[in-house]
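> The sequence shown: position 131 = 130 (numbering that gives the first Met the number 0), numbered continuously. Just so it is clear, CB atoms sit at the ideal spot from N, CA and C, and this is done for glycine as well.
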Amino acid sequence: MKGIEGKVALVTGAASGIGRSTALRFAEEGAKVVLSDVQVDAGQEVVNEIEQNGGEAVFFEADVSKEADVSDLVDETVREFGGLDFAHNNAGIEGTPNSIPDMPLEDFQQVVDINLTGVFLGMKYEIPHLVENGGGAIVNTSSVAGLTGTPNLAHYYATKHGVIGLTRSAALEVATEDVRVNAVCPGAIETPMIDRAAADNEKVREGLLASEPVGRFGEPEEVASAVVYLCSDDASFVTGHPMVVDGGFVVP
């Protein structure tokens, strides 16, 4: 894709799933990649894979719910590679299912802290560097959960709706600074999150599969392609957009 080679990309939640695939895809396109996660060993394994394929990458441990961690992460990225061009704010958790009356506040707050505050903090510290660098692009991971609703996952769905709101507001704030801000909204993707949701319950997996009109789960690489496209020059007139990558999930 145009405009990726030689640039610097930061990916959070990069140890597995969509984040891992996005880091690998950025590297394939010639970007220098900074990976971050709380899973240190798995994150370093992705770095090793990138390096074995001739790419440049480094891993920094960071908890996106902690402001100091995010600030340090962005600073380390700039120190390591001399700047920042792209960011994929991807780290997130699904939370423990529960009804709103029965949901402990700490459970709700944990999902908000990681899924929503984490995206806010990412942009808070990424945007100044992108502006100083003369432009760039941010992609935040929302979900089809940001466009729909379901019982017993109010915390997750609320945060994913919030990510779209943050994305649209940020896009307008920096529209004249040559910085674009978009989101991806994945459907049911074959990731560890799906595995956890369907653990020891094949009916859950079957139900998730039935929700996909195309008759299959998406692959993390398919979402990664959308993320890298949104960062590329091919998407130079796209900003404030929640791009759905869901096999038709939200159509019916």
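Express the C-alpha separation of Lys159 and Asn52 in angstroms, rounding to a whole number.
Distance between the alpha carbons of Asn52 and Lys159: 34 Å.
> In whole angstroms, give me the CA-to-CA distance for Ile137 and Asp68.
19 Å
> If you run the structure through DSSP and keep just helix, strand and coil, what is Thr140?
strand
> Bridge partners of Pro185, per DSSP?
Bridge partners of Pro185: Val244.
> Among all the DSSP beta bridges, which residues are the ones paired with Gly53?
DSSP, once it has assigned bridges, lists no residue as partnering Gly53.
> If you check the beta carbons only, do Asp106 and Thr95 fall under 8 Å apart?
A distance below 8 Å separates the beta carbons of Asp106 and Thr95.
> On the three-state DSSP scale, how would you describe Asp84?
coil
> I'd like the span of the alpha helix (DSSP H) that includes Lys6, first residue to last.
That residue, Lys6, is in no alpha helix (DSSP H); it is neither H nor E in DSSP.
> Within the region 99-160, note down every full alpha helix (DSSP H) run reaching 4 residues or more, in order along the chain.
104-110 and 117-131
> What's the C-alpha gap between Glu66 and Glu75?
14 Å
> When you compare the CB positions of Val213 and Gly161, do they come within less than 8 Å of one another, or not?
no
> Going by Cα to Cα distance, which pick from Met0, Glu220, Ser20 and Gln108 is closest to Leu152?
Gln108
> Going by other Cβ atoms of all chains shown within 10 Å of its Cβ, with 16 needed for buried, is Phe236 buried or exposed?
exposed
> Could you tell me which residues DSSP pairs with Asp35 in its beta bridges?
Before going further, note that residue 35 is Ser rather than Asp in the sequence given. Answer is Thr11 and Phe59, bridged to Ser35.
> Have a look at Leu164 and Phe80 and give me their C-alpha separation to the nearest angstrom.
The displayed chain sequence assigns Gly, not Leu, to residue 164. Answer to the nearest angstrom: the Cα atoms are 31 Å apart.
> Return the CA-CA distance between Asp177 and Ala169, expressed in angstroms with no decimal places.
12 Å
> Count the other CB atoms, across all protein chains shown, that sit within 10 Å of the CB of Asn181; report buried if there are 16 or more and exposed otherwise.
buried
> With 16 as the cutoff for other CB atoms within 10 Å, does Thr147 come out buried or exposed?
exposed
> At which residues does the alpha helix (DSSP H) containing Glu220 begin and terminate?
Pro219 to Cys230
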